[in-house]
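In the working numbering, the protein residues as written are 932 to 1410. Below is one structure, written out as structure tokens; the observations come after it.
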Amino acid sequence: MFIILNVIIMLSIKNSIYGLGLDLATSYALRNPKKNIPKLVNGVKRFASNPVQRGQLQAFYDEKNPMYQWLLNIMENTTPKTVKRFVRNFGVNSAMIGVKRSQKLMKKHHCNIPIAILLDPTSACNLNCIGCWAAEYAKTDNLSFELMDRIITEGKALGTHWYLYSGGEPTIRKKDLLKLAKIHQDCFFLAFTNGTLVDDEFAKALAEVGNFTLAISVEGFEEETDFRRGKGTYQKIMNAMRLLKKHGVMFGISSCYHSKNTEVIGSEKYFDYMINLGASYAWLFTYMPLGKDAVMDLMCTPEQRSFMFEQVRKFRKSKPMLMIDFWNDGDYSRGCIAGGRSFFHINANGDVEPCAFIHYSNVNIKDVSVLEALKSPLFKQYNENQPFNKNYLRPCPLLDNPDRLKEMVHASNAKSTQMLDKESVDDLTDKCQRVSKNWAPVADKIRRESDKLAPFVNKMPPRFWDSNWDEAEELIEDV
932 MFIILNVIIM
942 LSIKNSIYGL
952 GLDLATSYAL
962 RNPKKNIPKL
972 VNGVKRFASN
982 PVQRGQLQAF
992 YDEKNPMYQW
1002 LLNIMENTTP
1012 KTVKRFVRNF
1022 GVNSAMIGVK
1032 RSQKLMKKHH
1042 CNIPIAILLD
1052 PTSACNLNCI
1062 GCWAAEYAKT
1072 DNLSFELMDR
1082 IITEGKALGT
1092 HWYLYSGGEP
1102 TIRKKDLLKL
1112 AKIHQDCFFL
1122 AFTNGTLVDD
1132 EFAKALAEVG
1142 NFTLAISVEG
1152 FEEETDFRRG
1162 KGTYQKIMNA
1172 MRLLKKHGVM
1182 FGISSCYHSK
1192 NTEVIGSEKY
1202 FDYMINLGAS
1212 YAWLFTYMPL
1222 GKDAVMDLMC
1232 TPEQRSFMFE
1242 QVRKFRKSKP
1252 MLMIDFWNDG
1262 DYSRGCIAGG
1272 RSFFHINANG
1282 DVEPCAFIHY
1292 SNVNIKDVSV
1302 LEALKSPLFK
1312 QYNENQPFNK
1322 NYLRPCPLLD
1332 NPDRLKEMVH
1342 ASNAKSTQML
1352 DKESVDDLTD
1362 KCQRVSKNWA
1372 PVADKIRRES
1382 DKLAPFVNKM
1392 PPRFWDSNWD
1402 EAEELIEDV
């Protein structure tokens, strides 16, 4: 026991020294970002455990690479505290150290353990958007502060240092969310928000806490955004972005492309405008037909989805912005990332769901631990069946492989969590059969002919990164 305690102390001192060194390297880089970014990247490299991670960091050495310009923009336009927290909490604690810990625990417990957890602090919202994916939840549910704190604490023990908020409108609970960010300074937080509740006081508080960013939902320009979100919403969003930029807060956009706005969302004009406003990243989603009253006409055509595939890959080569297209980036993630493989969802009632768009569950987080939830029957089905298609450009068990989702929900005896309509998995998946059938030949053609697929897709291990433990961690196991 004494030996174990000493090893743990040595590891703690080692990590503290590395953390202090990384903070110093970041401070040094901030003095002259153009000159010193490579030195900061070298500091981060010390935590990289394999060639894939080290290779990805090489992009930040080349001044012609848009990722170099992206990091330069962040260092020049956000507060020093935000830069330090981002580098240390997301870049190292989450993406490197946390991944190593979760890899070890996955082998031990034979279940998925994610890099991120998505929480709904509340189901309440101040807008009434057309086709909202959360419209069928009850509007009076809330996760208590104590429960969210417990989830984050348990998640960190599993290696998860990245927490996302959705809803409802999460900033209705902004005081609680800011408090959680202050308590858990070793984590990075992101809220998907409609942006309408961002005022000067909130923007200033975000700058002060440093480890909390907003992904603002915007669906094109004014006409496209107000079409789904209500007249006047776009102008409130523009005001929110101006306030965040004024206070040096890192922020991005969350854009849902559908049949009415894909050509705008996928345009160079749109991305350039959002970058000029200060957005540093973009989360791209496609419309999902959840609920019995879903607007089926909003679903993308195969041609529109293919258009987004082409545009995002083109812009990644030229725009200083991180871009994630959840349905078209399956070649990077080797298929679906839900069910705890990279993330999972806890709704405002506490139901533990594999994805924000898959409203079925076996357990409630009020009754189980995070680890127990990851071992629940539906999550086991995800773990055993991923990837759901040999073509990674058909990753989703609902939109691309609806029969697979139907089988898993029935096999696990999971129940609907949509309090307002209790939509059965048979009804839900039936709505996606035609879309899945039409996308399949297009995705297969892209896979056969495209040179834009992730070059390392066939070389990556099943869980993204191999587990490589240092000598001190091996010593703990031996003892």
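Think of the CB as a built atom: it goes at the ideal place given N, C-alpha and C, for glycine as much as any other residue.
Query	Result
Kindly identify the DSSP beta-bridge partner or partners of residue 1276.	1049, 1284
Please go through the same chain and pick out, in chain order, the residues whose beta-carbon is closer than 6 Å to the beta-carbon of residue 1122, but skip the five residues on each side of it.	1096, 1101, 1145
Between 1045, 1370, 1027, 975, which lies nearest to residue 1259 when the distance is taken from Cα to Cα?	1370
Going by beta-carbon coordinates alone, are residue 1175 and residue 1137 separated by less than 9 Å?	yes
For residue 1307, which residues from the same chain have a beta carbon less than 6 Å from its beta carbon, with the 5 sequence-adjacent residues on both sides left out?	1293, 1294
Could you spell out where the alpha helix (DSSP H) holding residue 1206 opens and where it closes?	1199-1208
By DSSP, does residue 1214 sit in helix, in strand, or in coil?	strand
Using beta-carbon positions only, say whether residue 1179 and residue 1253 come within less than 9 Å of one another.	no
Does the count of Cβ pairs from the region 1226-1234 and the region 1362-1380 closer than 8 Å reach three?	yes
For residue 1194, tell me which candidate among 1206, 1107, 1299, 1217 has the shortest Cα-Cα distance.	1217
Of the residues 1125, 1285, 1047, which one's Cα is nearest the Cα of residue 1118?	1047
Between the Cα of residue 1214 and the Cα atoms of 1130, 1013, 1239, which residue gives the shortest distance?	1239
Alpha carbons only, please: which of 1271, 1209, 1336 is nearest the one belonging to residue 1361?	1336
Contact check, residue 1251 vs residue 1206 under 8 Å by CB: the rounded distance?	7 Å
What span of residues does the alpha helix (DSSP H) with residue 1330 cover, start to end?	Unbroken run through residue 1330: none, as it is neither H nor E.
Tell me where the alpha helix (DSSP H) around residue 1001 begins and ends.	997-1008
Inspect the CB distances between the region 1071-1088 and the region 1277-1294 and report whether three or more fall short of 8 Å.	yes
Where DSSP assigns a beta bridge to residue 1188, which residues make up the other side?	1217
Output yes or no for whether 9 Å exceeds the beta carbon distance between residue 1288 and residue 1329.	yes
For residue 1037, which of 997, 1305, 1067, 1312 has the nearest alpha-carbon?	1305
For a quick check, are the C-beta atoms of residue 1340 and residue 1291 less than 9 Å apart?	yes
Less than 7 Å between C-beta atoms, sequence neighbours within five positions excluded: which residues of the same chain meet that for residue 1389?	Its pLDDT being 48, under 50, residue 1389 is placed unreliably by the model, and nothing is read from it.
I think residue 1011 touches residue 992, with their Cβ atoms under 8 Å apart; what is that distance to the nearest whole Å?	Wrong, their Cβ atoms sit about 22 Å apart, outside the cutoff.
Here's a check: name, in chain order, each residue in its chain whose Cβ is nearer than 7 Å to the Cβ of residue 1147, leaving out the five neighbours to either side.	1124, 1126, 1168, 1171, 1172, 1182, 1184, 1185
Below 8 Å, can you find three or more Cβ-Cβ pairs linking the region 1220-1229 to the region 1261-1276?	no
Kindly indicate the opening and closing residues of the alpha helix (DSSP H) around residue 1037.	1030-1040
What's the gap between the Cα of residue 1020 and the Cα of residue 977?	15 Å
Return the CA-CA distance between residue 1044 and residue 1033, expressed in angstroms with no decimal places.	6 Å
From which residue to which residue does the alpha helix (DSSP H) around residue 971 run?	964-976
Taking residue 1000 as the reference, which of 1379, 1028, 966 has the closest Cα?	966
Output the boundary residues of the alpha helix (DSSP H) element that contains residue 1157.	1153-1160
Rounded to whole angstroms, what's the CA-CA distance from residue 1191 to residue 1155? Just pull it up for me.	8 Å
According to DSSP, is residue 1254 helix, strand or coil?	strand
Compute the distance between the beta-carbons of residue 1068 and residue 1080, then report whether it is under 9 Å.	no
If contacts are defined as beta-carbon pairs under 8 Å, then residue 1355 and residue 1343 qualify, I think. What distance do you get, rounded to the angstrom?	No, residue 1355 and residue 1343 are not in contact; Cβ-Cβ is about 14 Å, not under 8 Å.
Rounded to the nearest angstrom, what separates residue 1314 and residue 987 at their Cα positions?	27 Å
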